[in-house]
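Below: one structure, written as structure tokens.
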Amino acid sequence: MGPKDSTVQPSVTAPRPGAQRNAVQNLRRRPHAKVLVVGGGINGVGTFRDLALQGVDVALVERGDYCQGASGASSHMIHGGIRYLENGEFRLVRESVVERNRLLKIAPHYVKPLQTTIPIFSTFSGILSAPLRFLTHKQQGKPKERGAFLIKAGLSLYDSFSRDGGTVPRHQFRTHKAALEELPALRPDVKYTATYFDASVHNPERLTLDVLQDGEKAGRSQGASSQGDTARASNYLSLQSMSPAPNPGTGRGSTVRLRDELTGEEFDFTADIIVNTTGAWVDLTNQAMGAASSFMGGTKGSHIVLDHPGLLAACRGREIFFEHTDGRIVLIYPMGDRVLVGTTDVDADMSEDAVCTDEEIQYFFDLIGHVFPSIDVTPDHIVYTFSGVRPLPSHDATQPGFVSRDYRIERRASGADGSGAVVLSLVGGKWTTFRALAEHLTNDVLAELGGQRKVSTAQLPIGGGAGFPADEAGVQKWIKAHMAANRDADRTAGLLTRYGTRAEAVIEYLGSGPDQALRSTRELSVRELEFMAANEQVGHLVDVFIRRTSLAFRGLVTGELLNEVAEVLSVPLGWDASARAAEIKHAQDVLQRSHRVETHSLVS
3 MGPKDSTVQP
13 SVTAPRPGAQ
23 RNAVQNLRRR
33 PHAKVLVVGG
43 GINGVGTFRD
53 LALQGVDVAL
63 VERGDYCQGA
73 SGASSHMIHG
83 GIRYLENGEF
93 RLVRESVVER
103 NRLLKIAPHY
113 VKPLQTTIPI
123 FSTFSGILSA
133 PLRFLTHKQQ
143 GKPKERGAFL
153 IKAGLSLYDS
163 FSRDGGTVPR
173 HQFRTHKAAL
183 EELPALRPDV
193 KYTATYFDAS
203 VHNPERLTLD
213 VLQDGEKAGR
223 SQGASSQGDT
233 ARASNYLSLQ
243 SMSPAPNPGT
253 GRGSTVRLRD
263 ELTGEEFDFT
273 ADIIVNTTGA
283 WVDLTNQAMG
293 AASSFMGGTK
303 GSHIVLDHPG
313 LLAACRGREI
323 FFEHTDGRIV
333 LIYPMGDRVL
343 VGTTDVDADM
353 SEDAVCTDEE
363 IQYFFDLIGH
373 VFPSIDVTPD
383 HIVYTFSGVR
393 PLPSHDATQP
403 GFVSRDYRIE
413 RRASGADGSG
423 AVVLSLVGGK
433 WTTFRALAEH
443 LTNDVLAELG
453 GQRKVSTAQL
463 PIGGGAGFPA
473 DEAGVQKWIK
483 AHMAANRDAD
493 RTAGLLTRYG
503 TRAEAVIEYL
513 GSGPDQALRS
523 TRELSVRELE
533 FMAANEQVGH
543 LVDVFIRRTS
553 LAFRGLVTGE
563 LLNEVAEVLS
573 VPLGWDASAR
583 AAEIKHAQDV
593 LQRSHRVETH
603 SLVS
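Under the numbering used here, the final residue of the sequence shown carries the number 606; numbering is consecutive throughout.
As structure tokens, this is what we get:
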């Protein structure tokens, strides 16, 4: 068995006449790679890219869609993790701040500065309990909120980590009167606010795709004069088992059995090194490879997305980041014209799907009322929910909020005599540090192969971040330069937001043949959907709404849209009438069960 994905219903497994699975065929034609990465979240994809840039023959497989698990269920923040200071994780905080600053530079199309405000309701509270939390990693008795003294100390230390290459301002404190002038909807008994800057990633799924495509591009250039692409990746391809049989050509490595989740077909693939980056499912993946482990102890985090103009206005364009009454650090975060609220942190049951519960929704409503008591929120304001399992290490009695967010790499040699593939398992990891983590994993792989690093990724632009306009004036200039008779400013701006400067290739594709806008949304056209099908490994209809666009996140998926997109994709993806109907039903099921998008608003 492979790692289970918590956000996908059983796949449509009937063979699809004419289906274009070129990514799978690329692996079947040459069923060997020096390195096989298992898991297509941001850490696996980042490692794939880094290895490809070093000229390593690497393949990646992902059971579901890219960025479908925890990577796609994050709080959409790129942050240093100020609260990790309380755990004594100074190395992690320093690395996170450095990587935050890097991503603002190398991925400016998706990673943006985020003004963050902490409302504070006491001055000295928590001073006595903080040392005990630091030493024991447990909450001692009833939670005591962190007062201004503790928060000031933490932010001062946080700022110190940004001095080298920092790109954001230092924090500021406001007293009661000034705080309410800035944020008048706050609780009237607020004593202070502390404001600092981190960063956000509004399109984590598309950033993951950019990283993946950078790796594939590097593989094409490396393989131009050899036996073909040296960086190949496929989604909807799961690892079923592993045998000690080595690669017949080299006598080294091990053989894994791979299954195409869209067709049910299976084939063997050999690799010298296997990198297990399946997140919370690392232990299950190791079990499938015949070496069960107990590294993981993931926790579930849920979020809700609200269409609530009043709450959006109350935030004044900034994230509200604070401690709830139970001691949990939570957030209220404006994203465009929606508001993201999160997150919970409870031990996960890996035998069950991760979904947002009624209890968690009530928790979110309570935390909104904790800081904005005059704002009423009801279930009718919810347009989307999502949950994921954090890939945290096994933590025994340590409370979830105190479990380390740092990572480690576990190594084992497979085979009875240790002559099989070397397996490196990633335990832990967070979004912000994916580039540094991938660098660490890549260096370990290079050491196993006896190779050396050729390229640093520290300053290398990611995908559509290369040449991205530096300011709003530059953005408007870009939009004006790329408008056309059938593409107005809003549509052009939408393409720049979705693809970064890679939108130029999309625009060229749109202009190379007759195009037609969709009836049910102005945000997509027929040729753009065809571009996605040809270039972005769309496997299921629902991929378009959740991970290739933000339409589901914003609550904009309708029955008409489902039918129209399914009809367009049927030609390039080879769906007959039966497969198209199955895809619509599958999309309905996923949206309703995993994201609370009610089916009465969709097709029946």
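Think of the CB as a built atom: it goes at the ideal place given N, C-alpha and C, for glycine as much as any other residue.
These numbers come from a predicted model, not from an experiment.
Boundaries of the alpha helix (DSSP H) harbouring glycine 48: 44 to 55, taken from the DSSP string.
Under the DSSP assignment, glycine 390 falls outside any alpha helix (DSSP H), being part of the beta strand (DSSP E) whose first and last residues are 384 to 392. Contact between the segment 85 to 96 and the segment 109 to 129 is absent: fewer than three C-beta pairs spanning the two stretches fall below 8 angstroms. The Cβ-Cβ distance between alanine 581 and aspartate 52 does not fall below 8 angstroms. A distance below 6 angstroms between beta-carbons, with the five flanking residues on each side excluded, links alanine 54 to the following residues of its chain, in chain order: Val60, Gly217, Ala220, Gly221 and Ala233. Contact annotation, valine 40 with leucine 241: C-beta distance approximately 5 angstroms; criterion of less than 8 angstroms satisfied.
By the Cβ rule, the segment 197 to 214 counts as touching the segment 59 to 79, because three or more pairs are nearer than 8 angstroms. Where proline 574 is concerned, the enclosing alpha helix (DSSP H) starts and stops at 561 to 575. When DSSP assignments are scanned along the segment 284 to 311, the uninterrupted stretches of beta strand (DSSP E) that are 3 or more residues long and fall wholly within it turn out to be 301 to 308. For alanine 554, the closest alpha carbon among the candidates Val424, Thr444 and Leu593 is that of Leu593.
Taking each of Arg392, Gly74, Pro463 and Val100 in turn and checking the Cα distance to glycine 281, the smallest one comes out for Arg392.
Residue environment for serine 376: exposed (fewer than 16 other C-beta atoms within 10 angstroms of its C-beta).
Glycine 466 is positioned such that its CB atom lies no closer than 8 angstroms to that of tyrosine 409. Collapsing the DSSP output to three states places aspartate 212 in a helix.
Bridge pairing for tyrosine 409: Gly430 [DSSP].
In the structure shown, alanine 584 falls within a helical segment according to DSSP collapsed to helix, strand and coil. Look at alanine 415 here: in three-state DSSP terms it is strand. Look at the beta carbons and you see the segment 265 to 280 touching the segment 21 to 37: at least three pairs across the two are nearer than 8 angstroms. Residue burial annotation: serine 98 is buried, with at least 16 other C-beta atoms found within 10 angstroms of its C-beta.
Straight through space, the alpha carbons of asparagine 288 and threonine 301 are spaced by roughly 19 angstroms. By the neighbour-count criterion, in which a residue is buried when 16 or more other Cβ atoms sit within 10 angstroms of its Cβ, glutamine 215 is buried. With fewer than 16 other Cβ atoms from the protein chains shown falling within 10 Å of its own Cβ, arginine 455 counts as exposed. By the Cβ-count criterion, aspartate 473 is exposed, with fewer than 16 other Cβ atoms from all chains shown falling within 10 Å of its own Cβ. Between aspartate 349 and the set Ala486, Pro336, Gly338 and Gly390, the nearest pair of CA atoms involves Gly390.
Burial state of glutamate 510 is exposed, judged by a 10 Å Cβ sphere holding fewer than 16 other Cβ atoms. Distances from the CA of glycine 422 to each of Arg254, Met298, Gly82 and Ala475 were compared; the closest alpha carbon is that of Arg254.
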